[in-house]
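Participant: Submitted below is the structure of interest, expressed as structure tokens.
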Amino acid sequence: MGQNLRRYAYWQLRDFARDRAIALIIISLAIGFTIIGPIRAVNGGAFDHDRAMTVLQIVLTQIVYITSFVALNGIVSNDRKLGYYRFLFSKPVSIPAYYAQLFVVFFVGFLLVWLLLIGIFGIFAAPVSPIKPLAYCALVFLSFGGIAFLISSLFRYDWPILAAVFLASAIFQSMWMSQEGWRRMVLSILPPLYKLSPALDDIMKRGTVETNSVLWLLGYSAVCFAAGIYVLRHRSLA
17 MGQNLRRYAY WQLRDFARDR AIALIIISLA IGFTIIGPIR AVNGGAFDHD RAMTVLQIVL
77 TQIVYITSFV ALNGIVSNDR KLGYYRFLFS KPVSIPAYYA QLFVVFFVGF LLVWLLLIGI
137 FGIFAAPVSP IKPLAYCALV FLSFGGIAFL ISSLFRYDWP ILAAVFLASA IFQSMWMSQE
197 GWRRMVLSIL PPLYKLSPAL DDIMKRGTVE TNSVLWLLGY SAVCFAAGIY VLRHRSLA
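The sequence shown begins at 17 in our numbering and counts up one residue at a time.
What follows is the structure, given as structure tokens:
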């Protein structure tokens, strides 16, 4: 079973490159150039390091959430909708282990795509160290990842639900952040995704991040991921 699972890793990475990586690159370049192009025109194409980091932070704000949604969309549910699970699991492979490995492969593929995009940014703006932007991209993917994994394990059409969860977290937090009672209980149930925006500023400008925010983001996502594994272990994909 373990040998069969390792063989699937190559095909998982290939499918990510074919089905998602190309889309991530196209979307990112299309949005990124609408931001970088006008700035280059105003500044005569000149970027110093500080300006490049500021522009990169703006680009990340606009793009990293979208690319995370695209990368995680249908991570489990696509195989159910398209009937691929009949072929995938015709050999003795653990379903939870397969999708846990798929999550890791998608995470690695996502970071490789962003490493390429940061390199392209360096050509058209100014070279920057990829460590800080990649750290933030990883935080966003992992914060969304467990939630997306659980939703995709439960529902066939997962991306509208994931989008609704993200919007509800942002909207209710802005409306009820100073409220108590049942509103505070609702906020405590929703994922703490609103903590991602302050984390970007901390990582890009100071190279640090608030430990409590990271623990909340990754802890919530990890619980959801474990719940998704439980669902896959006890629920049929048919």
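Beta carbons: idealized from backbone N, C-alpha and C, even for Gly.
Computed from a prediction, not measured in an experiment: that's the story for all the values here.
1. Mapping the DSSP letters down to three states, classify T224 as helix, strand or coil.
2. Out of R199, L233, R96 and I139, point me to the one whose CA is closest to S168's CA.
3. CB V225 to CB L155, shorter than 9 Å?
4. Extract the residue ranges of the alpha helix (DSSP H) inside the segment 91-134, only unbroken runs of 4 or more that lie entirely within it.
5. Please check the pair G125 and A37, which I expect to be a contact at CB under 8 Å, by giving their CB distance rounded to whole angstroms.
6. For A242, which of L166, S190, V230 and A184 has the nearest alpha-carbon?
7. Counting only beta-carbon atoms, is F140 nearer than 9 Å to chain E?
8. Report yes if the CB atom of A113 is closer than 9 Å to the CB atom of F32, and no otherwise.
9. Alpha carbon to alpha carbon, how far is R199 from Q189? Give it in angstroms, no decimals.
Facilitator: Answer, in terms of the structure:
1. coil
2. R96
3. yes
4. 93-98 and 101-104
5. 6 Å
6. L166
7. Absent here is chain E; the protein component of the structure consists of one chain.
8. no
9. 10 Å
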